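Heads up, the thing below is written out as structure tokens.
Residue numbers (the numbering used here), protein chains in the order written: chain A, 718 to 835; chain B, 448 to 565.
Next up, the structure:
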């Protein structure tokens with residue numbers, strides 16, 4: 718149980734285009750999903766907290782107009798990188814929290830999406 | 448703000464050696480503490496956790512004790528295996544946030560690469 722999937726696993730796009738990444742909780746409902754960015758050999762940096770049915774909360778320094786987050790259902794959140802540039806190339810990881818889980822602070826992570834912007 | 452500091456890697460050990468990966472934290476209040484593991488090509492998986500002072504988390508032979516007095520959560524294993532080769536992340540969970548909207552935000556350490564040779 719507690720499986721989180723991401724799609725696509727890898728994407729290569731041209732500079733200036735937009736890319737959408739999906740995060741799904743496959744066997745549980747998630748009122749809250751988190752989006753992280755991981756640079757090579759570095760830690761995960763939280764980008765935003767996504768709550769179902771409401772606007773995402775972005776961390777300081779993260780451009781909300783560039784990284785659009787939608788959490789329309791209890792099992793799906795999407796991250797759209799708009800007008801992507803080479804500096805947006807990174808590994809994007811989502812996680813989800815199980816609404817019904819007794820341990821409210823446990824997150825389940827997706828396998829990540831490798832974005833390369835040419 | 449919250450922060451997590453891990454010992455720098457990479458760590459290279461022979462099979463059956465003793466492992467320690469140091470982790471210290473700074474936080475307001477009383478966070479939960481976690482160790483996550485990321486195997487090559489996979490997403491983060493929760494390895495163990497502790498939710499209050501003096502709690503010991505354990506799983507797959509790994510252990511870590513929540514030491515409030517030293518603000519530490521060091522990871523240990525008595526005898527490592529080749530299959531333990533992975534990146535290990537120490538993290539803490541923020542319990543603040545009105546309405547629970549930011550409850551469970553994770554702050555990660557920089558990660559420690561462990562390589563175990565036969």
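Idealized CB from N, CA, C, for every residue including glycine. Computed from a prediction, not measured in an experiment: that's the story for all the values here.
The beta carbon of residue 779 (chain A) sits closer than 8 Å to those of 764, 765, all from its chain and outside the five residues before and after it, given in chain order. Residues of the segment 753 to 769 of chain A with a C-beta less than 7 Å from any C-beta of chain B: 759, 760, 761, 763, 766, 768, listed in chain order. Neighbours of residue 823 (chain A) across chain B, judged by C-beta separation under 9 Å: 479, 481, 493, 496, 540, 551.
A Cβ-Cβ contact shorter than 8 Å links residue 495 (chain B) with residue 505 (chain B). For residue 782 (chain A), the secondary structure class from DSSP, reduced to helix, strand or coil, is coil. Restricted to the segment 728 to 754 of chain A, the beta strand (DSSP E) segments that are unbroken, complete and at least 3 residues in length are 736 to 742, listed in chain order.
Judged by their CB atoms, residue 726 (chain A) and residue 803 (chain A) are not nearer to each other than the 8 Å cut-off. In this structure, the straight-line span from the alpha carbon of residue 562 (chain B) to that of residue 755 (chain A) is close to 20 Å. Within chain A, the C-beta atoms nearer than 7 Å to that of residue 558 (chain B) come from 760, in chain order. Judged by DSSP in its simplified three-state form, residue 523 (chain B) adopts strand.
Chain B has a Cβ within less than 8 Å of the Cβ of residue 826 (chain A). Chain-ordered, the chain B residues with CB closer than 7 Å to the CB of residue 829 (chain A) read 490.
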